[in-house]
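Colleague:
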Amino acid sequence: MIEMKTIENTEQELVEDFAGVEDMFDKFGYLIDLGKNLKTLDEALKTDNCMIKGCQAHVWLHSELKDGKIIFLADANADYAKGLVAMMIHVLSGHTPDEIINAPLNFIERIGFKSMLSMKRAGGLESMIKQMKLDAMVYKAKA
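Be aware that the sequence shown starts at 2, since it is given in this note's numbering, and climbs by one per residue.
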């Protein structure tokens, strides 16, 4: 039987991955590397409608519902923002609206991002999370 990966499993893996990186600058480097692995977002989806409000950088987030699970796609014009959105996609994409809505996402604090990020970057991350959860609420309401 194939075990489905939960949001909590993915969060724990990220916490462990980042725990192996002690230096703050190296953690940012690891985050930027996550962004480099993000699938390219089609230029047609880089619209004002898909842009996340509240981010210092330009971040575009697109979502679609496939077989009851939300798939997120994104891009950003800044490496750190691309890394943050890639991290959130890694955690939330491929899960049901209910799983996304109910995810506490406390891994961000456990990694140490709350203290590492400037207020503007932390606000941008919060905006990404809010948009992803809002998308999940919209899909749930339509179901």
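Here a beta-carbon is modelled for each residue, glycine too, at the ideal position from N, C-alpha and C. Note that the coordinates shown come from a computational prediction; the quantities given were computed from them, not determined experimentally.
First and last residue of the alpha helix (DSSP H) that includes E100?
Modeller: Its alpha helix (DSSP H) spans residues P98 to N103.
Colleague: Comparing alpha-carbon positions, which option in K143, I112 and M89 lies nearest S128?
Modeller: Among K143, I112 and M89, the Cα nearest to that of S128 is on M89.
Colleague: If you draw a straight line from the alpha carbon of L42 to that of L74, how long is it in whole angstroms?
Modeller: L42 and L74: Cα-Cα distance of roughly 6 Å.
Colleague: Using CA coordinates, which residue listed in E65, M52 and F108 is at the minimum distance from K83?
Modeller: Of E65, M52 and F108, the residue nearest in Cα terms is M52.
Colleague: Taking one C-beta from the stretch 62 to 76 and one from the stretch 93 to 100 each time, how about it: are there three or more such pairs within less than 8 Å?
Modeller: With the cut-off at 8 Å, the stretch 62 to 76 and the stretch 93 to 100 touch.
Colleague: Determine the direct distance from the alpha carbon of A142 to that of G30, and round the result to whole angstroms.
Modeller: So the two alpha carbons sit approximately 38 Å from each other.
Colleague: Cβ of G124 within 8 Å of Cβ of G55?
Modeller: Yes, they are a contact pair.
Colleague: Could you name the residues that DSSP lists as bridge partners for M52?
Modeller: M52 is bridged to W61.
Colleague: In angstroms, rounded to a whole number, what distance separates the CA positions of M120 and E14?
Modeller: So the alpha carbons of these two residues sit roughly 26 Å apart.
Colleague: The alpha helix (DSSP H) spanning L126 covers which residue range?
Modeller: Its alpha helix (DSSP H) spans residues M120 to K143.
Colleague: Determine the extent of the beta strand (DSSP E) in which K70 is found, giving its start and end residues.
Modeller: From DSSP, the beta strand (DSSP E) with K70 extends over K70 to A77.
Colleague: Determine the closest residue to I145 out of I112, N50 and S94, with distance taken between C-alpha atoms.
Modeller: Nothing about residue 145 can be reported from this structure: the residues present for the chain run from 2 to 144 only.
Colleague: Using alpha carbons as the reference points, say which of R122, K115, L126 and I109 lies closest to D18.
Modeller: Checked all of R122, K115, L126 and I109; the closest Cα to D18 is I109.
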